[in-house]
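J.: I'd like to ask some things about the structure below.
Residue numbers (the UniProt record's numbering): 1 to 919.
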């Protein structure tokens, strides 16, 4: 564990921040769990606050690890640091989890572990360790964690509830996308009084008032600056010539102060400090191997730095502050750094840590070297197999730099660009493509480069910008790589349906023709079926394509999907599941896509994946869960430099919540977003959103106008379907059903062709609204039953509302009250406020007062509680439920206690009966 030089109880200020940490640590001791990201600028006091939390955690087992900048690209390095003290307890995990974690750490051989299984294994391991004694884990400098470790730890942090585990992160600057959705505590500068007290404590003798005020003003309460700057002889000795510190230069100024202190130390001390700064993990055993090989006494050489307070070497090498490490590394010459990396490489066990060995070797290599480049390429393959796109990109980038042969360098640059694009670093990907084009490229590689440029343009500037390049790349690849050409047409197809009517039918027809022409002689794969069926939906009619699409979707759901195939095809599969109204496939595949993009670090795909799953959750009536994904999409979009998907998530969600102001604001933001230029489908989306809002508020004339615009382009599947349902509802309420007849007929044909419960339920609801008498009554009942079986609870509740309204108009008040009461309860529990209020008004119009039905208690379950309750009712054990829901058995037990209380039951056997009336 890290120990600071600060005396216990000598903390200055920070009362509010300390109270937050005290409360969380107390909760962990009392049996709860906690996660917190402590973030702020360098030197602001994050580490001191984390040390305060550790001091308060005297009843807990404490683990402290730190991210290190030079190891950011080594997958699972941070996770291995954290788990090393209790790696032997992995034997207590279920076999699949144990195998996943041990494979990730390189301790056993095996197929690439599923990233979600790694996260679940880590959660289970920490929960197991905490059974004996509450556990507090501190991850300082988390901004330098390798991405896969950061993602796994974030996975755990999001799921901590009742394991007696505290997970605290220290982050310089803003948290990364992986950590951004966790609870945060921003640390700012000390208040004026505390800053003055600290400055007075570290200065001896009188200080000129002007100098004091300038120091206070320009350090802006940064504790490290207040502690270190008075020690700088350029300030302390010539106080009257105190130099102005620009805020952006504060870090450089602090580093310079550390560099001057190190420069005054013996050469042998500077040498081991550079080794420690380069080694990065603080592994004393590794440094001792280097020292032993060179006849050095490590303890003696470190002694001056220890005495100066720059480093602690009690159990591992811990620098006083990350700026000490970066200052030492920055002060060394290029040749000194290379030599340090070479010495570390030579002392690294290649069998146990092949990637770490290769990385040090590569950093030690100055001139092009094919042998090292080839080893880096192999390391990239290992990183890819372990689910780390960022590490894959880093290894390939360095391999490109060290490749002497121009043609091979070009190929590697394109491969590096592809991996870099997947991480969301678009500018870096384009730089690698520019470098690749300086080399001679064969047609296949040139086609890959052209495709990648198109994908970057599509992601950053919109579909109309990227589509022409993607199509050109597909054409170039046809004769040299038919399989890649088909994948490229897939990307072109996705771009064209995103662009909507702007791309015209010509692009889709060209894609359809190409996919048929490139069909392999062997039986078609599920990807072949998906692409051809998707294209035929648009070119040959809905019925012609839906059979092929559903056949492909069944295969994607039944059989495993490797990461590479999933990243390439699950986005299209999820979207097509929505477009052919297969809700089970839509739910399953969109959830798997989000899991895959999160855990592989495929940031470029994450916002669109989150949009798909968030939309699915809206249809399921899980508005809170959808809102959480929308927030995550906003964070991911911000990291990528765009807001399209975040705004689109909000556009799907807000109309149902019924706030006119928020919905109008989102609509205006979507229309005004530059990223939507060339994505004309957005106008269909905004029209649909307006129609939903207005139907909920009972403004059916406005809803009719908006829905008519949204349904005007039936080739824009998905949104045009739902715009049509809003059109029918508005027209019927206005007594003008004929205005929706043609659109309704087209929708009914599509639903019959699909044949899913979702489709047939939607068809029954539309037909019921246009029918009379018993046909209408039976149609509404069929719609509710089918939509509930499909899991589309939002539409099922709306169907109840429409049925209740129809019953009231038919004079059947008693039956109307029942349907409207159920609709009100369900819609209100979902957070669909405007439609719930409409149900209440209709219910009141029957002359009765709303009463809670027997389903209220079940409706009050959160979505996660409801899932756990259903699985428990089916007989699953807590560990089995935890595995399915990616939470720990302790959290399952904690939720079950709340389920029992809400349902008024005392055993699992009673849950099923209590849930019978739900929905």
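Glycine included, each C-beta is placed from N, C-alpha and C at the ideal position. Every value quoted in this text rests on a predicted model; they were computed, and no experiment measured them.
Please say whether residue 413 and residue 432 have beta carbons closer to each other than 8 angstroms?
T.: Counting from one through the chain shown, the residue named residue 432 turns up at place 432. Counting from one through the chain shown, the residue named residue 413 turns up at place 413. Contact flag set, yes.
J.: Write down every uninterrupted run of the alpha helix (DSSP H) in the stretch 743-801 whose length is 4 residues or greater and which is fully enclosed by it, in chain order.
T.: Taking only runs of at least 4 residues, the alpha helix (DSSP H) segments lying wholly in the stretch 743-801 are 757-770 and 773-790.
J.: Do you know whose CA, among 146, 180, 29 and 168, lies nearest residue 628's CA?
T.: Taking the chain shown and counting its residues from 1, one reaches residue 628 at position 628. Among 146, 180, 29 and 168, the Cα nearest to that of residue 628 is on 180.
J.: Please determine, among 509, 599 and 109, the residue with the shortest C-alpha to C-alpha distance to residue 567.
T.: If you number the chain shown from 1, residue 567 lands on position 567. Cα-wise, what sits closest to residue 567 is 599.
J.: Could you tell me if residue 632 is buried or exposed, where buried requires 16 or more neighbouring beta carbons within 10 angstroms of its beta carbon?
T.: The residue labelled residue 632 in the question sits at position 632 within the chain shown. Residue 632 should be labelled buried.
J.: What is the DSSP secondary structure of residue 574, counted as helix, strand or coil?
T.: Sequence index remark: in the chain shown, residue 574 carries index 574 (1-based). Residue 574 falls in the helix class under three-state DSSP.
J.: Three or more C-beta pairs closer than 8 angstroms, one from the stretch 45-64 and one from the stretch 121-139: is that the case here?
T.: Yes, since at least three Cβ pairs between the stretch 45-64 and the stretch 121-139 fall closer than 8 angstroms, the two stretches touch.
J.: Give me the Cβ distance between residue 308 and residue 261, rounded to the nearest whole Å; I'm assuming they're in contact under 8 angstroms.
T.: By 1-based counting over the chain shown, the position of residue 308 is 308. By 1-based counting over the chain shown, the position of residue 261 is 261. The Cβ separation is near 6 angstroms, so the contact holds.
J.: Using the Cα positions of residue 812 and residue 843, report the straight-line distance between them to the nearest angstrom.
T.: What you label residue 812 is simply residue 812 of the chain shown in a count that begins at 1. What you label residue 843 is simply residue 843 of the chain shown in a count that begins at 1. Whole-angstrom Cα-Cα distance: 12 angstroms.
J.: For the ligand FMN, any of its heavy atoms closer than 7 angstroms to the Cβ of residue 515?
T.: As far as ligands go, the structure on display features none, and thus does not contain the ligand FMN.
J.: Would you kindly report the start and end of the unbroken alpha helix (DSSP H) that includes residue 64?
T.: Within the chain shown, the letter at position 64 stands for residue 64. Taken as a continuous stretch (DSSP letters only), residue 64 belongs to no alpha helix (DSSP H), being part of the beta strand (DSSP E) at 61-66.
J.: Taking Cβ positions, are residue 35 and residue 28 nearer each other than 8 angstroms?
T.: As a first step, residue 35 must be located in the chain shown, where it is residue number 35. As a first step, residue 28 must be located in the chain shown, where it is residue number 28. No, these two residues do not count as a Cβ contact at 8 angstroms.
J.: Exposed or buried, residue 246, counting other C-beta atoms within 10 Å across all chains shown (16 or more means buried)?
T.: By one-based count along the chain shown, residue 246 stands at place 246. In this prediction, residue 246 has a pLDDT of 45, which is less than 50 and means its spatial position is unreliable; what the coordinates show is noted afterwards. The residue in question, residue 246, is exposed, as its Cβ has fewer than 16 Cβ neighbours within 10 Å.
J.: Taking 7 angstroms as the limit between beta carbons, can you name the residues of its chain near residue 823, skipping five residues before and five after?
T.: One-based indexing of the chain shown puts residue 823 at position 823. 797, 800, 801, 804 and 839, listed in sequence order.
J.: Expressed to the nearest angstrom, what Euclidean distance is found between the alpha-carbon atoms of residue 615 and residue 830?
T.: Locating residue 615 in the chain shown gives position 615, counting from the first residue. Locating residue 830 in the chain shown gives position 830, counting from the first residue. So the two alpha carbons sit approximately 14 angstroms from each other.
J.: Can you give the beta carbon distance from residue 25 to residue 183, rounded, assuming they're within the 8 angstroms contact cut?
T.: Counted from its first residue, the chain shown places residue 25 at position 25. Counted from its first residue, the chain shown places residue 183 at position 183. No, residue 25 and residue 183 are not in contact; Cβ-Cβ is about 14 angstroms, not under 8 angstroms.
J.: Can you tell me whether residue 188 is buried or exposed, with buried defined as 16 or more other CB within 10 angstroms of its CB?
T.: Translated into the one-based positions of the chain shown, residue 188 becomes position 188. Exposed is the call here.
J.: Just list the residues that DSSP pairs residue 166 with in beta bridges.
T.: Numbered from 1 along the chain shown, position 166 holds the residue referred to as residue 166. Bridge partners of residue 166: 34 and 136.
J.: How many whole angstroms separate the CB atoms of residue 145 and residue 93, which I take to be in contact at a CB cut-off of 8 angstroms?
T.: Position 145 of the chain shown, counted from the first residue, corresponds to residue 145. Position 93 of the chain shown, counted from the first residue, corresponds to residue 93. 22 angstroms between Cβ atoms; not a contact.
J.: Closer than 7 angstroms by C-beta to residue 13: which residues in its own chain qualify, once you throw out the five before and the five after it? Chain order, please.
T.: Along the chain shown, read from residue 1 onward, the residue named residue 13 stands at position 13. Result list for residue 13: 190, 191 and 194, in chain order.
J.: Quick check: the Cα distance between residue 256 and residue 327, rounded to an integer number of angstroms?
T.: Within the chain shown, numbered from 1, the residue matching residue 256 stands at position 256. Within the chain shown, numbered from 1, the residue matching residue 327 stands at position 327. Distance between the alpha carbons of residue 256 and residue 327 is about 7 angstroms.
J.: Return the chain-ordered list of same chain residues with a C-beta closer than 7 angstroms to the C-beta of residue 654, the five sequence neighbours on each side being excluded.
T.: On the chain shown, position 654 is the one that residue 654 refers to. Around residue 654: 662, 663 and 666.
J.: With C-beta atoms as the reference, is residue 404 less than 8 angstroms away from residue 370?
T.: Here residue 404 is taken as the residue at index 404 of the chain shown, counted from 1. Here residue 370 is taken as the residue at index 370 of the chain shown, counted from 1. Yes, they are a contact pair.
J.: Out of curiosity, what's the CA-to-CA distance linking residue 423 and residue 389?
T.: As a working mapping, residue 423 is identified with position 423 in the chain shown. As a working mapping, residue 389 is identified with position 389 in the chain shown. Answer to the nearest angstrom: the Cα atoms are 6 angstroms apart.
J.: Which complete alpha helix (DSSP H) runs does the stretch 256-327 hold, if anything under 4 residues is left out?
T.: List check, alpha helix (DSSP H) in window: 267-279, 284-294 and 298-307.
J.: Check each candidate in 365, 461, 527 and 410 and name the one with the smallest Cα separation from residue 485.
T.: Translated into positions along the chain shown, residue 485 becomes position 485. Comparing Cα positions, the closest option is 527.
J.: Spatial neighbours of residue 297 within its chain, please: CB distance less than 8 angstroms, with the 5 preceding and 5 following residues excluded, ordered by chain position.
T.: Here residue 297 refers to the residue found at position 297 when the chain shown is read from its first residue. 291, listed in sequence order.
J.: Using 10 angstroms around the beta-carbon of residue 476, count the other beta-carbons present and answer buried if the total reaches 16, otherwise exposed.
T.: Against the chain shown, residue 476 aligns to sequence position 476. With 16 or more other Cβ atoms within 10 Å, it is buried.
J.: Do the stretch 779-789 and the stretch 749-766 meet, that is, are 3 or more Cβ pairs less than 8 angstroms apart?
T.: Contact between the stretch 779-789 and the stretch 749-766 is present, because at least three Cβ pairs lie under 8 angstroms.
J.: Go through its chain and collect everything with a Cβ distance to residue 411's Cβ below 6 angstroms, but skip five positions before and after it.
T.: The residue you call residue 411 lines up with position 411 of the chain shown. Here the set comprises 445.
J.: Look at the alpha carbon of residue 722 and the alpha carbon of residue 690, and state the distance between them as a whole number of angstroms.
T.: Translated into positions along the chain shown, residue 722 becomes position 722. Translated into positions along the chain shown, residue 690 becomes position 690. For residue 722 and residue 690, the distance between alpha carbons rounds to 12 angstroms.
J.: According to the Cβ coordinates, are residue 728 and residue 766 closer than 8 angstroms?
T.: Counting from one through the chain shown, the residue named residue 728 turns up at place 728. Counting from one through the chain shown, the residue named residue 766 turns up at place 766. Taking 8 angstroms as the Cβ cut-off, residue 728 and residue 766 qualify as a contacting pair.
J.: Need the endpoints of the alpha helix (DSSP H) that residue 55 sits in, please.
T.: By one-based count along the chain shown, residue 55 stands at place 55. Segment 46-56, the alpha helix (DSSP H) holding residue 55.
J.: In whole angstroms, give me the CA-to-CA distance for residue 877 and residue 87.
T.: For the purposes of this step, residue 877 is taken as residue 877 along the chain shown, with counting starting at 1. For the purposes of this step, residue 87 is taken as residue 87 along the chain shown, with counting starting at 1. Looking at the two C-alpha atoms, the distance is approximately 26 angstroms.
J.: Enumerate in chain order the residues of its own chain whose CB-to-CB distance from residue 479 is below 7 angstroms, with the five nearest sequence positions on each side excluded.
T.: Taking the first residue of the chain shown as 1, we reach residue 479 at position 479. Cβ neighbours of residue 479 beyond the five flanking positions: none.
J.: Leaving out the 5 sequence neighbours to the left and right, which residues in its chain are closer than 6 angstroms to residue 926 when beta-carbon positions are compared?
T.: Coverage of the chain is limited to positions 1 through 919, which leaves residue 926 absent and any answer about it impossible.
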